[in-house]
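**Student:**
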Amino acid sequence: MPFIEAIRLALQQIWVQKLKSFFTLLGVMIGVTFLIAVVSIVGGMSRYMTDQLVGKIMAVNSFELRSRPNINLGNHDDDYWRELRRRPRIKDTDIQPVTDALPDGVLWAAVGQDNLNIESKYVSKPRSVLAYTVTGDYFTIKKMAPVEGRLFSPQEYERGMNVVVIGQDVADYFFPSLDPIGRELTVRGLPYTVVGVMEKQGSAFGISFDKFIIAPHNSPLNRYVNPHGVIDGIMIQTPSREGMLSTMEDVRQVMRARHHLRPAQKDDFELETSDSALEFWNKIKGYLVIAGVALPAIGLVVGAIVIMNIMLVAVAERTREIGIRKSLGARRRDILSQFLVESATLSTVGAALGVIMGFAFAKLIAAVTPLPAAVELWSVLVGVGIGAGVGIVAGAYPASRASRLDPITALRAE
Amino acid sequence: MIEAPLGATAERQAVIASAGAAPDGDWVIVTRGLKREYDMGGEIVRALRGVDLAIRRNEYVAIMGPSGSGKSTLMNVIGCLDTPNEGEYWLNGTRVSSMSDDALARVRNKEIGFVFQTFNLLPRASALHNVELPLVYAGVSADERRRRAREALERVQLGGRMDHRPNELSGGQRQRVAIARALVNNPSILLADEPTGNLDSTTSEEIMRVFESLADQGQTVIMVTHEPDIAQHARRVVVLRDGLIASDERRSAFVEKLGLTV
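As given, the protein sequences belong to chains G and U, one line each in that order.
Residue numbers are given in numbering that gives the first Met the number 0: position 241 of the first sequence equals residue 240, and the series is strictly consecutive.
Residue numbers are given in numbering that gives the first Met the number 0: position 211 of the second sequence equals residue 210, and the series is strictly consecutive.
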């Protein structure tokens with residue numbers, strides 16, 4: 000029997016028993032729905048991570064000298080954590096030697112950060128914001144520019160004046176319908192003059208990147224952000240990728256010398272690149288994909304069992320029809336393909352509905368939560384392909400039973 | 000009252016006697032020593048015990064016999080739905096008694112048109128689609144199928160009911176759809192199994208007239224029945240008893256008109 004004919008017959012069969020068919024393909028539909036939804040959301044997050052988040056946390060061709068890694072991959076034993084705790088911190092005093100070793104054209108910035116409560120006389124309640132103290136080329140590396148006011152002058156950096164630039168959220172909260180430039184914010188009793196408002200940084204996973212204040216490293220704020228002269232780290236950005244690797248090596252040698260490490264000893268500091276942030280994400284993504292595939296797979300297995308059952312019932316109900324078809328000249332493979340096509344069509348229709356539902360679901364999640372979603376063509380093809388596959392696997396046994404029926408017995412069936 | 004045309008019986012015996020030889024094209028069906036046994040839960044049922052039968056092209060034959068005589072088994076074997084344990088069966092010059100399942104399916108498709116007591120139409124398909132079915136398995140294109148199915152339905156005066164489903168048709172109409180389906184692939188034999196068993200006497204007569212006219216047009220018709228009234232429409236009556244042919248007689252048209260029974 001021609002393939003098109005078989006599909007037409009199968010669709011007709013599905014249409015005749017609409018309700019029963021719907022329940023039959025529910026399992027496959029739900030399985031594919033979740034598969035598409037998870038894949039879309041993970042895909043969306045992944046695109047977001049690579050395009051935006053990592054770029055925001057870490058600039059291209061940049062690395063950061065830190066005492067301990069910001070990001071810890073995989074499972075580590077107690078020795079690992081003990082070793083991390085024993086490491087010396089990066090201090091104010093490290094900045095000069097490290098930056099002296101950098102070649103020309105390389106940008107750097109010492110950074111510290113902490114959550115601090117700040118106040119203004121325009122708002123009654125204080126609020127906790129991320130406070131940074133920075134030096135050097137911080138704003139250039141981060142590609143941050145003010146929308147109002149200006150950045151710090153060399154004198155302000157040098158003399159550690161009480162000036163801050165602030166994020167959009169801080170401006171909106173502490174200076175409602177006021178121009179923040181020239182007005183003051185109070186941190187731990189000391190007033191800081193706002194000289195600039197930075198452009199909007201956006202948000203990821205519902206966390207705003209605009210709730211910050213930044214002051215020069217030498218300002219009094221540094222006492223609270225980086226107590227005892229301990230800084231979070233030094234960011235270094237090179238003009239090229241190759242330059243980054245050799246510069247990392249230079250910095251490594253400086254730090255090893257400062258920490259008096261013998262050649263056999265391992266580094267007791269961290270040089271973190273944006274690659275490690277991405278590596279971290281890829282690892283999470285791997286787990287998400289496994290979970291996102293494993294759970295729908297259970298749905299698909301259940302769906303397959305349901306389809307197999309329904310097809311066995313269909314073969315039993317239509318024994319007479321099979322007998323008639325055989326008496327009219329249907330060969331085994333005609334009957335086999337008829338039932339295989341029928342179960343594959345049934346399951347593919349379920350998968351197609353699942354693809355549509357999955358898209359709707361992903362879009363819904365993207366709309367009501369901060370999670371992004373990106374629907375990808377390959378997931379559609381995989382979804383529909385899985386549907387057809389499940390149908391063929393589930394239909395194989397019932398179809399082979401149908402094809403082996405004895406025509407005489409089948410014709411006599413009621 | 001029973002008239003066997005001179006020479007007919009002798010020729011039949013001759014073609015049956017030449018075991019292993021392919022009969023010439025005039026003989027549609029030749030069986031030699033056909034045996035069929037079933038194992039019914041340890042008990043061997045010998046349904047056919049050596050049936051010798053030869054049927055020429057254009058014959059109209061009724062196979063009669065009480066239940067258990069083996070007539071259904073014979074009809075299944077002739078219809079290539081079943082294969083004999085022993086003996087030869089030549090259909091249209093081809094030995095089909097030892098063919099594979101798929102080969103038998105092709106033979107059923109090309110050579111045999113079945114008409115069943117219970118019509119055996121697909122309930123959800125229109126009359127036209129039911130008639131198209133054998134052509135689907137013959138691999139005929141959709142347009143050609145439709146054309147030939149229409150023609151076949153018109154031949155049985157159902158041109159106006161093509162789009163009706165079986166449950167929208169009367170018993171006689173259903174059986175005529177079944178006849179159209181049996182004829183659509185131009186089979187060598189039309190094989191009818193109690194074709195009037197589910198019909199009232201008026202409708203039965205109507206269906207018998209269809210068979211008669213097909214036989215007049217040269218169609219080979221083999222009909223299995225236990226009703227003498229129906230069998231008397233045939234021009235030759237084969238009676239089976241206990242898996243063997245008990246009698247094989249030719250009737251004259253004159254006898255048929257008098258309505259004499261066996």
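In this text, a Cβ means the ideal position worked out from N, Cα and C, and glycines have one as well.
Here the structure is a predicted model, which means the values were calculated and not measured.
#1: Going along the segment 87-105 of chain U in order, which residues come within less than 8 Å of chain G, judged by CB to CB distance?
#2: Going along the chain, which unbroken runs of the alpha helix (DSSP H) with 4 or more residues stay wholly within the segment 177-255 of chain U?
#3: Alpha carbon to alpha carbon, how far is Asn129(U) from Leu5(U)? Give it in angstroms, no decimals.
#4: Give a yes or no on whether the C-beta atoms belonging to Val237(U) and Ile244(U) are separated by under 8 Å.
#5: Can you find a CB in chain U that lies within less than 8 Å of the CB of Ala412(G)?
#6: Please classify Arg86(G): does DSSP put it in a helix, a strand, or coil?
#7: Excluding the 5 residues preceding and the 5 following Lys256(U) in the sequence, name in chain order all residues of the same chain whose CB lies nearer than 6 Å to its CB.
#8: Using a Cβ-Cβ cut-off of 8 Å (strictly less than) and excluding sequence neighbours within five positions of Arg400(G), which residues of its own chain qualify?
#9: For the putative contact between Glu500(G) and Pro215(G), defined by C-beta atoms under 8 Å, what is the C-beta separation to the nearest angstrom?
#10: Identify the residues that DSSP records as bridge partners of Thr30(U): which are they?
#11: Check distances from the C-beta atoms of the segment 53-83 of chain U to those of chain G and list, in chain order, the residues that come in under 7 Å.
#12: In this structure, what does DSSP give as the bridge partners for Phe33(G)?
#13: In the DSSP assignment, what are the bridge partners of Met234(G)?
#14: If we define contact as Cβ-Cβ less than 8 Å, is Ser399(G) a contact residue for chain U?
#15: Going by C-alpha distance, which of Arg105(U), Gly196(U), Val76(U), Trp89(U) is nearest Val14(U)?
#16: Report the neighbours of Leu132(U) on chain G: residues whose CB is nearer than 9 Å to its CB, in chain order.
#17: For Ala329(G) and Val374(G), what's the separation of their Cα atoms in angstroms?
#18: Give, in chain order, every residue of the segment 27-44 of chain U whose Cβ lies closer than 9 Å to some Cβ of chain G.
#19: Exposed or buried, which one is Glu87(U) when buried takes at least 16 other CB atoms within 10 Å?
#20: Can you give the Cα-Cα distance for Lys19(G) and Pro295(G), rounded to whole angstroms?
#21: Anything in the segment 330-343 of chain G with a Cβ closer than 8 Å to a Cβ of chain A? List those residues in chain order, please.
#22: Identify which residue in Arg403(G), Asp171(G), Val193(G) has its Cα closest to the Cα of Lys199(G).
#23: On the premise that Val135(U) lies in contact with Leu157(U), defined as a C-beta separation below 8 Å, what is that separation, rounded to the nearest angstrom?
#24: In this structure, how does DSSP classify Ser127(G) when only helix, strand and coil are distinguished?
#25: Could you compute how far the alpha carbon of Ser123(G) sits from the alpha carbon of Val253(G)?
#26: Which same chain residues, not among the five before or five after Arg46(G), have their C-beta less than 8 Å away from its C-beta?
#27: Just verifying my parser: in three-state terms, what is the DSSP assignment at Ala372(G)?
#28: Beta-carbon separation of Gly111(G) and Gly302(G) under 8 Å?
#29: Does chain U have any CB closer than 8 Å to the CB of Glu320(G)?
#30: Report yes or no: is there a C-beta of chain U within less than 8 Å of the C-beta of Ile407(G)?
#31: Helix or strand or just coil, what does DSSP make of Met184(G)?
#32: Less than 6 Å between C-beta atoms, sequence neighbours within five positions excluded: which residues of the same chain meet that for Arg190(U)?
#33: On the DSSP letters alone, give me the boundaries of the beta strand (DSSP E) that Leu244(G) sits inside.
#34: Quick one: which unbroken alpha helix (DSSP H) runs of 4-plus residues sit fully inside the segment 294-336 of chain G? Chain order, please.
#35: What are the residues of the segment 145-159 of chain U that lie near chain G, defined by any Cβ-Cβ distance shorter than 9 Å?
#36: With the cut-off set at 8 Å, would you say Ala350(G) and Val383(G) are in Cβ contact?
**Tutor:** Quick look at the numbers:
#1: Asp100, Asp101, Ala104, Arg105
#2: 200-215, 227-230
#3: Interpretation of Leu5(U) is limited by its pLDDT of 42, a score under 50 that renders its predicted location unreliable; no figure is taken from the coordinates.
#4: yes
#5: no
#6: coil
#7: Reliability fails at Lys256(U), whose pLDDT of 46 lies under 50, so the model's placement of it is uncertain and no value is given.
#8: Leu311, Val314
#9: Nothing in the structure corresponds to residue 500(G), since chain G is present only between 0 and 413.
#10: Leu52(U), Tyr88(U)
#11: Asn75, Leu80, Asp81
#12: BP columns for Phe33(G) are empty, so no partner.
#13: Glu63(G), Ala108(G)
#14: no
#15: Trp89(U)
#16: Ile323, Arg324, Leu327, Gly328, Ala329
#17: 44 Å
#18: none
#19: buried
#20: 22 Å
#21: No chain A appears in the structure shown, which is made up of the protein chains G and U.
#22: Asp171(G)
#23: In fact, because the Cβ distance is near 19 Å, the residues do not count as touching under 8 Å.
#24: strand
#25: 48 Å
#26: Pro371, Ala373
#27: coil
#28: no
#29: yes
#30: yes
#31: With the sequence shown as reference, residue 184(G) is identified as Leu, and Met is not the correct amino acid for it. Here Leu184(G) sits in strand by DSSP.
#32: Reading off the sequence, residue 190(U) comes out as Leu, not Arg. Within the same chain, Leu190(U) has close Cβ partners Gly78, Ile111, Phe113, Ile221.
#33: That residue, Leu244(G), is in no beta strand (DSSP E); its alpha helix (DSSP H) goes 240-257.
#34: 318-326
#35: none
#36: yes
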